[in-house]
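Q: The structure that follows is given in the form of structure tokens.
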Amino acid sequence: MKIFTVFLTLSALFLVGSAQQLQPLSSFKGMSVHNEFSDFKVYPPYNIYVSAHSDATSALQQISVVTESGTKTLFELKQNLQASGEITGYPVLKPAYLTTTLSDNDLKRLNGVIYISSSKQYADNTFHVYGVSKSQNINLQALGKVDTTILFLNTNMGTNPYKSTIISQWKQDSTALAYLYAGFPQDTAEGKNTQIFSNPMHTDKADLYFANVEKFSLTLVAFYLKTYRGVNFRIEPGYSSIDSSTTTDVTTTGFYMKPLEKDDSTITVNIKRDTRFSGASGANVIGNLTTGGMVTVGFYEGASKYEDSAAPNPFCSPWSIPYILQNMKIWSTSSNPKNGQYFVQYFIAQGAIGSGTTSRPGQTTTRSSGTVQFFVSVASLMILWL
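For reference, each letter of the sequence shown is one residue, going -19 to -1, 1 to 367 in mature numbering (1 follows the signal peptide of the UniProt record, and there is no 0).
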């Protein structure tokens, strides 16, 4: 319950007040109390979605949602899945409530959640909800020129860290847009540059499309993807550390998340490159640390280093350099690192043949204010990086 409470607190960084709600099962009252959904400031019509991957069937069979059309147990709602893995929402057209004969202590041991949609989402056939309970392919490119929102719910306690998700095999063409956010979607538009990952990626010089996306992991109960023209990828429960990994292409983007309730450590990523070519490297940081906390992203080769240290906030903080070095490191300093959560999207972009990709030996650049000015040809080899 503590982790979920912290998650909701930090999600407030990315969400403004909304009719929709994500409620942990542990927050409901037992002993036959009527837990009215209207108490959460949600009103019909709406859909109910249940994710309770690690909770016992016997417990879920004793918890019921009572609506005007009858009674459904949470086990029945959890099983309401399409062949694609999508959760089919349970429609509620009039006031409803949740009730159970389980005790409050029994409920507090549960890890599942109920997502209650807004009325707008209820009527939106481009809004979808998936549970991260097994390996599955998400194929959105076939949808064509449409905007789509997909909410992912992960209540899998069998991963380390808990409720972790792996995303891999990302396929996206250059005309598509994809934005990944922490938390759950509201009816109003997201704030500018509040995404934790995007393709095209927002940088301090331009928004850049990447044909190659590295495999990455998230540790969140809820996150969602908004896309135009669709992307394809594989999603599964689990955690894949990027520490000591090597990027898979010379032009690529990747992602790292420091989870809640976990001590921080230095993450090192080795960079695949061709030293005959020039290029650029950079990162976006977004999130929250305790007062005075800083996240550092640095690129290194021998005695050369380029670092950016900044306090994470609810908006992307982009930074880049006109070089591709041997490796990248990510770490943070904070008085209470376990209470911190931050997200880093990084990129490596190899461009035109140049005089070299590394800085002069011994050269160091650390940003505290201002920016480094440079140019480099990126992605299409025609973008001027000024």
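Using N, Cα and C, we set each Cβ at its ideal position, and we do this for glycine too.
1. Assign PRO318 to one of three DSSP states: helix, strand, or coil.
2. Could you tell me whether the segment 118 to 128 touches the segment 166 to 178, where touching means 3 or more Cβ pairs closer than 8 Å?
3. Residue ranges of each beta strand (DSSP E) run of no fewer than 3 residues wholly in the segment 260 to 325, ordered along the chain?
4. Tell me where the alpha helix (DSSP H) around TYR103 begins and ends.
5. For THR345, which residues of its own chain have a beta-carbon under 6 Å away from its beta-carbon, when the five flanking residues on both sides are left out?
6. Rounded C-beta distance between TRP300 and VAL278? I'm assuming under 8 Å.
7. Quick one: what does DSSP say ALA330 is sitting in, helix, strand or coil?
8. Below 7 Å CB to CB, which residues in the same chain sit around ALA77 once its five sequence neighbours on both sides are set aside?
9. Would TRP312 and ASP245 qualify as a contact pair, given that the criterion is a beta-carbon distance under 8 Å?
10. Starting from the Cα of LYS53, find the closest Cα among LEU79, LEU306 and GLY66 and give me that residue.
11. Who are SER45's beta bridge partners in DSSP?
12. With distances taken from CA atoms, which of TYR209, GLY219, LEU306 and GLN167 is nearest ALA284?
13. Can you pull the DSSP bridge partners for SER32?
14. To the nearest angstrom, report how far apart GLY335 and ASP185 are at their CA atoms.
15. Let me confirm a value: GLY139 is counted as buried when at least 16 other C-beta atoms fall within 10 Å, else exposed. Which label applies?
16. What three-state label does DSSP hand ALA40 in the structure shown?
17. Identify the continuous alpha helix (DSSP H) that holds ASP87 and give its terminal residues.
18. Would you report the Cα separation of MET182 and SER298, rounded to the nearest angstrom?
19. Which value, in whole angstroms, describes the spacing of the CA atoms of ALA104 and PRO26?
20. With THR234 as the anchor, note down where its beta strand (DSSP E) starts and where it stops.
21. So, helix, strand or coil for ALA64, using DSSP?
22. Could you pull out every residue in the same chain whose Cβ sits closer than 8 Å to the Cβ of THR228, ignoring the five residues on either side in sequence?
23. On a CA-only basis, which of VAL113, LEU158 and ILE95 is nearest GLN122? Give me that one, please.
24. Can you pull the DSSP bridge partners for TYR209?
25. Count the other CB atoms within 10 Å of the CB of GLN60; is the residue buried (16 or more) or exposed (fewer)?
26. Rounded to the nearest angstrom, what separates VAL28 and SER8 at their Cα positions?
27. Given a cut-off of 8 Å, decide if SER149 and LEU199 are closer than it, judged by their beta-carbon atoms.
28. If GLY112 sits next to LEU134, beta carbons under 8 Å apart, how far is it from one beta carbon to the other, in whole angstroms?
29. Going by beta carbon distance, what residues of the same chain come within less than 8 Å of PRO142, once the five residues before and after it are set aside?
30. Can you check DSSP and say which residues form a bridge with PRO72?
A: Walking through what the data contain:
1. Locating residue 318 in the sequence shown gives position 337, counting from the first residue. The answer is helix: DSSP assigns PRO318 an H, G or I state.
2. no
3. 275 to 282, 285 to 291, 298 to 302 and 308 to 314
4. As a first step, residue 103 is located in the sequence shown; it is residue number 122 there, counting from the start. Taken as a continuous stretch (DSSP letters only), the alpha helix (DSSP H) holding TYR103 covers 100 to 103.
5. In the sequence shown, the residue the question calls residue 345 occupies position 364. Unreliable placement is indicated for THR345, whose pLDDT of 38 sits below 50; no coordinate value is reported for it.
6. If you number the sequence shown from 1, residue 300 lands on position 319. If you number the sequence shown from 1, residue 278 lands on position 297. The pair is a contact, with the Cβ atoms about 7 Å apart (cut-off 8 Å).
7. Walking along the sequence shown from the start, residue 330 turns up at place 349. ALA330 falls in the strand class under three-state DSSP.
8. For the purposes of this step, residue 77 is identified with residue 96 of the sequence shown, where counting begins at 1. Cβ neighbours of ALA77 beyond the five flanking positions: PHE18, VAL46, VAL47 and THR48.
9. On the sequence shown, residue 312 is found 331 positions in, with the first residue counted as 1. On the sequence shown, residue 245 is found 264 positions in, with the first residue counted as 1. Yes; because the gap between Cβ atoms is below 8 Å, this pair is in contact.
10. On the sequence shown, position 72 is the one that residue 53 refers to. Among LEU79, LEU306 and GLY66, the Cα nearest to that of LYS53 is on LEU79.
11. Start at 1 with the first residue of the sequence shown, and residue 45 comes out as number 64. According to DSSP, which records beta bridges pairwise, SER45 is partnered with THR54 and THR80.
12. Looking up residue 284 in the sequence shown gives position 303. Checked all of TYR209, GLY219, LEU306 and GLN167; the closest Cα to ALA284 is LEU306.
13. For the purposes of this step, residue 32 is taken as residue 51 along the sequence shown, with counting starting at 1. VAL94.
14. Sequence index remark: in the sequence shown, residue 335 carries index 354 (1-based). Sequence index remark: in the sequence shown, residue 185 carries index 204 (1-based). Summary for GLY335: the model assigns pLDDT 48, below 50, so the residue's position carries little reliability, and this model does not support an answer.
15. The residue given as residue 139 occupies position 158 in the sequence shown. When all chains shown are included, GLY139 counts as exposed.
16. Locating residue 40 in the sequence shown gives position 59, where the first residue counts as 1. It is helical.
17. Taking the first residue of the sequence shown as position 1, residue 87 is located at position 106. First-last of the alpha helix (DSSP H) with ASP87: 85 to 89.
18. Mapped onto the sequence shown, residue 182 falls at position 201. Mapped onto the sequence shown, residue 298 falls at position 317. So the two alpha carbons sit approximately 12 Å from each other.
19. Position 123 of the sequence shown, counted from the start, is the residue given in the question as residue 104. Position 45 of the sequence shown, counted from the start, is the residue given in the question as residue 26. Approximately 9 Å, taken between the alpha carbons.
20. Numbered from 1 along the sequence shown, position 253 holds the residue referred to as residue 234. First-last of the beta strand (DSSP E) with THR234: 233 to 239.
21. As a first step, residue 64 is located in the sequence shown; it is residue number 83 there, counting from the start. In the structure shown, ALA64 sits in coil (DSSP, three-state: anything other than H, G, I, E or B).
22. As a position in the sequence shown, residue 228 is number 247, starting the count at 1. Only GLU195, GLY235, VAL250, ASN251, ILE252, LYS253 and ILE329 meet the Cβ criterion.
23. Position 141 of the sequence shown, counted from the first residue, corresponds to residue 122. The residue with the shortest Cα to Cα distance from GLN122 is LEU158.
24. Against the sequence shown, residue 209 aligns to sequence position 228. Looking at the DSSP assignment, TYR209 forms a beta bridge with ASP128 and LEU158.
25. Here residue 60 corresponds to residue number 79 of the sequence shown, with the count starting at 1. The residue is exposed, with fewer than 16 neighbouring Cβ atoms inside 10 Å.
26. Residue 28 sits at position 47 when you count from the first residue of the sequence shown. Residue 8 sits at position 27 when you count from the first residue of the sequence shown. Sequence check: residue 28 is Asn here, not Val. Going from the Cα of ASN28 to the Cα of SER8 covers about 19 Å.
27. Position 218 of the sequence shown holds residue 199. Position 168 of the sequence shown holds residue 149. Result no, Cβ atoms of LEU199 and SER149 do not sit closer than 8 Å.
28. Residue 112 sits at position 131 when you count from the first residue of the sequence shown. Residue 134 sits at position 153 when you count from the first residue of the sequence shown. Between LEU134 and GLY112 the Cβ distance is about 5 Å, and since that is below 8 Å, they are a contact.
29. Taking the sequence shown and counting its residues from 1, the one referred to as residue 142 is at position 161. Hits under 8 Å: THR200, TYR220, PRO240, GLU242 and LYS243.
30. Reading the sequence shown from its first residue, position 91 is the one you call residue 72. PRO72 is bridged to ASN28.
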